[in-house]
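**Student:** Before we start, here is the structure in question, set down as structure tokens.
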């Protein structure tokens with residue numbers, strides 16, 4: 010489900026806006042997602058996995074998932090696209106990437122916070138937000154309150170994590 014409104018989220022950097030991705034932005038988003046993958050995750054993948062991720066992060070794939078109903082939000086800082094989150098409905102994060110030059114400035118937190126807000130608003134019966142995290146991002150998710158549900162010891166590259174949602178515990182929702 011794509012919600013067409015814009016939300017302003019206060020983050021550590023100036024004027025961060027979290028909003029749905031526009032079709033004309035898909036190529037730029039794909040480029041910074043692939044750059045982040047190459048820097049932080051590619052070492053955990055063989056050639057086949059790298060090729061698969063390149064297809065997953067292509068502009069066409071980003072737009073196809075968005076059209077299929079995946080929540081696809083970008084963070085914009087002073088006119089620059091700084092991050093992306095994509096959520097398979099109702100509540101599984103399939104992608105969260107922040108441009109290297111914007112990391113550590115609250116962009117990832119702003120994206121997750123806005124995605125969680127929308128999930129709780131549109132799907133109050135959801136109990137958790139889930140993600141299969143790369144080793145690089147486990148600490149980030151833990152700082153946001155995600156708990157590790159499983160760790161893939163065979164490959165060591167995947168960590169299933171979940172964040173309990175407050176709306177699921179609230180009988181008023």
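Numbering (our numbering), first residue to last: 10 to 182. From the three backbone atoms N, C-alpha and C, an ideal C-beta is built for every residue, glycine too. Being a predicted model, the structure only gives us computed values, none of them experimental.
Count the other C-beta atoms from every protein chain shown that fall within 10 angstroms of the C-beta of residue 123, then say buried if there are 16 or more, exposed otherwise.
**Tutor:** To locate residue 123, count along the chain shown from 1; it is residue 114. Buried, since its Cβ has 16 or more Cβ neighbours within 10 Å.
**Student:** In this structure, does DSSP put residue 143 in helix, strand or coil?
**Tutor:** What you label residue 143 is simply residue 134 of the chain shown in a count that begins at 1. The answer is coil: DSSP assigns residue 143 none of H, G, I, E or B.
**Student:** Identify every residue that forms a DSSP beta bridge with residue 156.
**Tutor:** As a first step, residue 156 is located in the chain shown; it is residue number 147 there, counting from the start. According to DSSP, which records beta bridges pairwise, residue 156 is partnered with 171.
**Student:** Hey, how far is the Cα of residue 24 from the Cα of residue 87?
**Tutor:** As a working note, residue 24 is residue 15 in the chain shown. As a working note, residue 87 is residue 78 in the chain shown. Answer to the nearest angstrom: the Cα atoms are 6 Å apart.
**Student:** Which complete alpha helix (DSSP H) runs does the segment 35 to 78 hold, if anything under 4 residues is left out?
**Tutor:** Secondary structure remark: continuous alpha helix (DSSP H) runs of at least 4 residues inside the segment 35 to 78, in chain order: 35 to 49, 56 to 65, 68 to 77.
**Student:** Please report the distance separating the alpha-carbon of residue 75 from that of residue 83.
**Tutor:** Walking along the chain shown from the start, residue 75 turns up at place 66. Walking along the chain shown from the start, residue 83 turns up at place 74. Distance between the alpha carbons of residue 75 and residue 83: 12 Å.
**Student:** Could you please give the first and the last residue of the uninterrupted alpha helix (DSSP H) stretch that includes residue 124?
**Tutor:** Stepping through the chain shown from its first residue, residue 124 is reached at position 115. Per DSSP, residue 124 belongs to the alpha helix (DSSP H) from 116 to 131.
**Student:** Nearest CA to the CA of residue 80: which residue from 58, 44, 43, 121?
**Tutor:** Counted from its first residue, the chain shown places residue 80 at position 71. If we check each option's Cα against that of residue 80, 121 comes out closest.
**Student:** Thinking just about the alpha-carbon of each residue, which of 90, 105, 109 is nearest to the one in residue 97?
**Tutor:** For this step, residue 97 is matched to residue 88 along the chain shown. The shortest C-alpha separation from residue 97 is found at 105.
**Student:** Kindly give me the distance between the Cβ atoms of residue 102 and residue 140, rounded to whole angstroms, as I take these residues to be in contact under 8 Å.
**Tutor:** Looking up residue 102 in the chain shown gives position 93. Looking up residue 140 in the chain shown gives position 131. Yes, residue 102 and residue 140 are in contact; Cβ-Cβ is about 4 Å, under 8 Å.
**Student:** Counting pairs of beta carbons, one from the segment 126 to 139 and one from the segment 51 to 68, are three or more of them closer than 8 Å?
**Tutor:** Using a Cβ-Cβ distance cut-off of 8 Å, the segment 126 to 139 and the segment 51 to 68 are not in contact, since fewer than three pairs of beta carbons, one from each stretch, lie closer than that value.
**Student:** Counting only the same chain and skipping the five closest in sequence on each side, list residues whose C-beta sits under 6 Å from that of residue 35.
**Tutor:** By one-based count along the chain shown, residue 35 stands at place 26. Cβ within range, chain order: 68, 71, 72.
**Student:** Per the DSSP calculation, residue 85 is bridged to which residue(s)?
**Tutor:** Counting from 1 along the chain shown, the entry for residue 85 is found at position 76. Its beta-bridge partners are 26, 90.
**Student:** Helix or strand or just coil, what does DSSP make of residue 135?
**Tutor:** Indexing the chain shown from 1 puts residue 135 at position 126. Correct three-state label for residue 135: coil.
**Student:** Which first and last residues belong to the beta strand (DSSP E) in which residue 104 is found?
**Tutor:** Reading the chain shown from its first residue, position 95 is the one you call residue 104. 101 to 107 is the span of the beta strand (DSSP E), which, as asked, contains residue 104.
**Student:** Using a Cβ-Cβ cut-off of 7 Å (strictly less than) and excluding sequence neighbours within five positions of residue 32, which residues of its own chain qualify?
**Tutor:** As a working mapping, residue 32 is identified with position 23 in the chain shown. Within the same chain, residue 32 has close Cβ partners 72.
**Student:** Where does residue 95 sit, in a helix, a strand or coil, going by DSSP?
**Tutor:** As a working mapping, residue 95 is identified with position 86 in the chain shown. Looking at residue 95 - three-state DSSP - the assignment turns out to be strand.
**Student:** Just how far apart, CA to CA, sit residue 27 and residue 85?
**Tutor:** For this step, residue 27 is matched to residue 18 along the chain shown. For this step, residue 85 is matched to residue 76 along the chain shown. Approximately 6 Å between the Cα atoms of the pair.
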